[in-house]
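Trainee: Please see the structure below; I have some questions.
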Amino acid sequence: MPLKVDELVNADASLISRRCWSDPAVYALEKRAIFGRSWLFLGHETQIPNAGDFVQAYMCETPIILSRGEDHKVYANVNSCRHRGLPVCRADHGNTRRFICPYHNWSYTVEGALVAIPQESALQGQPDKSALGLQRVPRVERWRGMIFGSFDESIIPLEDYLGDMRFYLDAFFLRFPQGIEFIGAPHRWLIDANWKLPVENQLGDVNHGAFLHSAIIPREAQTLIESLGHSVVTTPGHGATFRVMPEDAPWQDVAWGMEAMGSLLGGSEVQDYLREVQARAAERVGELRARMKGLTYGIYPNLSFLWSNTSFKVSHPRGPGKVEYWSWAVVPADAPAAIKKILRTNYSSFFGPGGLLEQEDAEVWAQQYLGSDIDFADQQPYFYGLGLGEEQPHPHMPGLVSVTANEFYARSFFQRWRDELKAVESDA
């Protein structure tokens, strides 16, 4: 069946074809229209603090080396030798002076410049090594220590791309005087699912908790989310869900970190630390954001943030039916080492590949992908119309705001997704 983007997502995105998740032709368009033209998350400055530090990353299926040069600048290069294409970096992270291709030993600096070709000593004519460095990601920018790259040289600046989403992200980032720190290497695992399924889940789908995760999340907790919760879309594709706690709520009901097991069982030292963070929250982020207790956040196209369990996640596509999910634990950068160790367990107990909630999510994403690839079911699109048109501007918060049951966060994502695919459809 020929691909026509307009037939995949209707005008208000309340009906979405199953082919959006399962059709290889759709995925081919996504790679050019979305991953070739968006800001994509590469890593955090705390992962590469010193000259020679590097971590591996991906931009869609393209392997990237993110490094700190000898000049202390940040570099992002495609991990592929200019001679025969092999990866020149095989470690996930580390510190080095050179990246060396194992095939013919071409040697590159940590900034990506080619400095040695062993075979050229036997030749009379010598190639111009200055023109044979690793392919550089043309745009790299940072915000609050978060490093993004784009293959689109003409893309708008990162701050403009994030737009009003910064208001909600800063409710977390600015709570901590020294910002945040990514702890260790990411967990990475493969799921037989489409990359958009984890993204959609973390973009705003917080109302499945008491059903899918009923062994962990009691109905009373879900009722509290529904009564205090807000869902927000700033720019389509970006979104946040959070609770605004009452002004007279006890500090432990409002403070970041105090609904996770590590903090609850971690003793007085960690709880005193979290209480002090909350005591200073209003002066750092303002009274309203000091009472925000976040749930899930999403940055288009594939970066997610879980507030309560303090985890950043990237949904890396590996084809229409497979995703490599990367997940980092983050902590306040200036917290004492002993407290960082405790706070990290807030992530690992429920999320990551062995986390109780993560395993249940991964199972339904895999099942949802199977449901999107059923023969003779193309004429039955998925219904995304819950709360259609109920989202409204808010007097004190940017973007369109509604209750957490409204699926407008997903409709907005797919409207942007549809429009971006249409922009390259004629080139296919």
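Under my numbering, the residue at position 264 of the sequence shown is numbered 443, and the numbers go up by one with no gaps. Just so you know, even glycine gets a beta-carbon here, dropped at the ideal spot from N, CA and C.
#1: Check the C-beta distance from phenylalanine 327 over to glutamate 320 and give it rounded, since I have them as a contact under 8 Å.
#2: At which residue ranges does the stretch 397 to 466 contain complete alpha helix (DSSP H) runs of 4 or more residues, listed in the order of the chain?
#3: Under 8 Å by Cβ, that's how I've got glutamate 360 and alanine 230 pegged, so tell me the actual separation to the nearest angstrom.
#4: When you compare the CB positions of tyrosine 548 and alanine 372, do they come within less than 7 Å of one another, or not?
#5: Looking at the secondary structure, which residues open and close the alpha helix (DSSP H) in which threonine 524 lies?
#6: Does the distance from the CB of leucine 245 to the CB of glycine 222 come in under 7 Å?
#7: Within 10 angstroms of its Cβ, does leucine 522 collect 16 or more other Cβ (buried), or is it exposed?
#8: Could you name the residues of the same chain whose beta carbon sits closer than 7 Å to that of proline 203, not counting the 5 residues immediately before and after it, in chain order?
#9: Less than 7 Å between C-beta atoms, sequence neighbours within five positions excluded: which residues of the same chain meet that for glycine 531?
#10: Please state if the CB of serine 329 and the CB of tryptophan 218 are separated by a distance shorter than 7 Å.
#11: Which runs of the alpha helix (DSSP H) fall wholly inside the stretch 339 to 399 and span at least 4 residues, in chain order?
#12: When burial is assigned at 16 or more other CB atoms within 10 Å of the CB, is threonine 475 buried or exposed?
#13: Buried or exposed for isoleucine 195, please, with buried defined as at least 16 other CB atoms from any protein chain shown within 10 angstroms of its CB.
#14: Within the chosen definition, does the stretch 451 to 464 reach the stretch 398 to 409 through at least 3 CB pairs nearer than 8 Å?
#15: Tell me whether the beta-carbon of cysteine 239 lies closer than 7 Å to the beta-carbon of cysteine 260.
#16: So what's leucine 579 in DSSP terms, helix, strand or just coil?
#17: Would DSSP call serine 490 helix, strand or coil?
#18: In whole angstroms, what separates the C-alpha of lysine 501 from that of tryptophan 200?
#19: Keeping to the same chain, check which residues put their C-beta closer than 7 Å to that of arginine 354; ignore five residues upstream and five downstream.
#20: In the stretch 193 to 257, which residue ranges form an unbroken beta strand (DSSP E) of at least 3 residues, counting only runs that do not cross its ends?
#21: Identify the residues that DSSP records as bridge partners of valine 509: which are they?
#22: Just verifying my parser: in three-state terms, what is the DSSP assignment at alanine 301?
#23: Measuring only the C-alpha atoms, how far is serine 635 from alanine 439?
#24: Quick test of the definition: if touching needs 3 or more C-beta pairs under 8 Å, does the stretch 340 to 347 touch the stretch 402 to 419?
#25: Please classify asparagine 284: is it buried, with 16 or more other beta-carbons within 10 angstroms of its beta-carbon, or exposed?
#26: Distance, Cα to Cα, methionine 437 vs glycine 445?
#27: I'd like to check one pair, valine 433 with arginine 470: are the Cβ atoms closer than 7 Å?
#28: Under the three-state reduction of DSSP, which class applies to alanine 556: helix, strand or coil?
#29: Look up valine 289 in the DSSP assignment and say whether it is helix, strand or coil.
#30: So, helix, strand or coil for tyrosine 627, using DSSP?
#31: Helix, strand or coil for glutamate 320 per DSSP?
#32: Could you tell me which of Ser494, Pro242, Leu313 sits nearest to leucine 369, measuring between CA atoms?
#33: Return yes when the Cβ of serine 286 is within less than 7 Å of the Cβ of valine 294, no when it is not.
#34: Which term fits aspartate 540, buried or exposed, when burial requires 16 or more other beta carbons within 10 angstroms of its beta carbon?
#35: Just tell me which of Phe278, Ala212, Lys252 has its CA closest to the CA of glutamine 235.
#36: Starting from the Cα of phenylalanine 593, find the closest Cα among Arg276, Gln559, Gly564 and give me that residue.
Mentor: Looking at the coordinates:
#1: 6 Å
#2: 398 to 407, 430 to 433, 440 to 444, 447 to 458, 460 to 464
#3: Actually they do not touch by this definition, with Cβ atoms about 19 Å apart.
#4: Remark: C-beta atoms of tyrosine 548 and alanine 372 approach each other more closely than 7 Å.
#5: 516 to 527
#6: For leucine 245 and glycine 222, yes; Cβs fall inside 7 Å.
#7: buried
#8: Pro499
#9: His366, Ser506, Glu537
#10: yes
#11: Counting only runs of 4 or more residues that sit fully inside the stretch 339 to 399, the alpha helix (DSSP H) segments are 344 to 352, 375 to 383, 388 to 391, in chain order.
#12: buried
#13: buried
#14: no
#15: no
#16: Assigned with DSSP and collapsed to three states, leucine 579 falls in strand.
#17: The three-state reading of DSSP puts serine 490 in strand, counting E and B together.
#18: 10 Å
#19: Around arginine 354: Trp435, Val456, Ala460, Arg463, Val464.
#20: If only complete runs of 3 or more residues are kept, the stretch 193 to 257 shows the beta strand (DSSP E) at 219 to 223, 232 to 238, 241 to 247, 253 to 257, in order along the chain.
#21: Phe361
#22: helix
#23: With the chain covering 180 to 607 only, the question about residue 635 has no answer from this structure.
#24: yes
#25: exposed
#26: 10 Å
#27: yes
#28: coil
#29: The answer is coil: DSSP assigns valine 289 none of H, G, I, E or B.
#30: A query on residue 627 cannot be resolved here, the shown segment of the chain reaching from 180 to 607 and no further.
#31: strand
#32: Ser494
#33: yes
#34: buried
#35: Phe278
#36: Relative to the Cα of phenylalanine 593, the nearest Cα in the group Arg276, Gln559, Gly564 belongs to Gly564.
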